[in-house]
Amino acid sequence: MTGEECVALVPTKIGPRVAGLIGAAALAVVIVMPTQAVSVPQPVSFQKQVLPIFQEHCVACHSPGGAGYISVDMDLRSYKALRSGSAGGIAVIPFHPRSSPLMRVLDDDWSSSNINSLRMPPMGPKLSPDDLKTISEWIKQGAKDN
Ligand code: HEC
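Going letter by letter, the sequence shown gives residues 521 to 666 in the working numbering.
So this is what it looks like as structure tokens:
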């Protein structure tokens, strides 16, 4: 429709003030929406979001009696255990997912052509992009006990 037709559709009974308000409201929606789209990510909870990923994919090996627990002393049953790292050192560097050894074995090393790269879980499959994002975002937010 043309601009004139559009204006003609606005009921003539509402005064310019009301029309102005409607216009302002419409404008507000337009301004607010993109802000929400790029808003700060929601806080990621270790207990509710990260730990369940470990329980499903890692704890069988990374708890007493498991291969990863026995060979490198890495326990993934709790926040405290994860933060205490493994025989090889710390696993998580708060605020720095890219330099955290945990993200290396979960993500970066999977794209390495070096067959000796440490990939977790060792037999795959690689964690889903959503799971990787959750863990990485949690580290980025400070790897809190939340
Ligand atoms: C099938 C058993 C198994 C599963 C499942 C498994 N791991 Fe492991 N993990 C191991 C073993 C064995 C090692 C030691 C490997 C080595 O050093 O060669 C290890 C090593 C690691 C290390 C390195 C520790 C260090 O000192 O270098 C990290 C980190 C790790 N695993 C995290 C995970 C995470 C997170 C998961 C789940 C996504 C997972 N693992 C699933 C067996 C497993």
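Heads up, the beta-carbon is just placed ideally off N, CA and C, and yes, glycines get one too.
{"Query": "Cut-off 7 Å between Cβ atoms - residues of its own chain near residue 651, not counting five sequence neighbours on either side", "Result": "573"}
{"Query": "The region 588 to 598 in contact with the region 614 to 623 per 3-pair CB rule at 8 Å", "Result": "no"}
{"Query": "Every unbroken alpha helix (DSSP H) inside the region 586 to 610 [4 residues or more]", "Result": "587 to 592 and 599 to 603"}
{"Query": "Alpha-carbon to alpha-carbon, residue 633 and residue 568", "Result": "34 Å"}
{"Query": "Candidates 612, 575, 576 and 606, of which the one nearest residue 657 by Cα", "Result": "612"}
{"Query": "heavy atom of the ligand HEC below 6 Å from residue 572 C-beta", "Result": "no"}
{"Query": "Among 571, 580 and 566, the one whose alpha carbon lies nearest that of residue 642", "Result": "580"}
{"Query": "Short Cβ contact (7 Å threshold) for residue 582 with residue 596", "Result": "yes"}
{"Query": "Proximity winner among 575, 625 and 661, relative to residue 637 (alpha-carbon distances)", "Result": "625"}
{"Query": "Euclidean distance between Cα positions of residue 629 and residue 621", "Result": "10 Å"}
{"Query": "N- and C-terminal bounds of the alpha helix (DSSP H) containing residue 640", "Result": "Residue 640 -> no alpha helix (DSSP H), and no H or E assigned at all."}
{"Query": "7 Å Cβ shell around residue 602 - same chain, five flanking residues per side excluded", "Result": "596, 611 and 612"}
{"Query": "Residue 622 Cβ short of 6 Å to the ligand HEC heavy atom set", "Result": "yes"}
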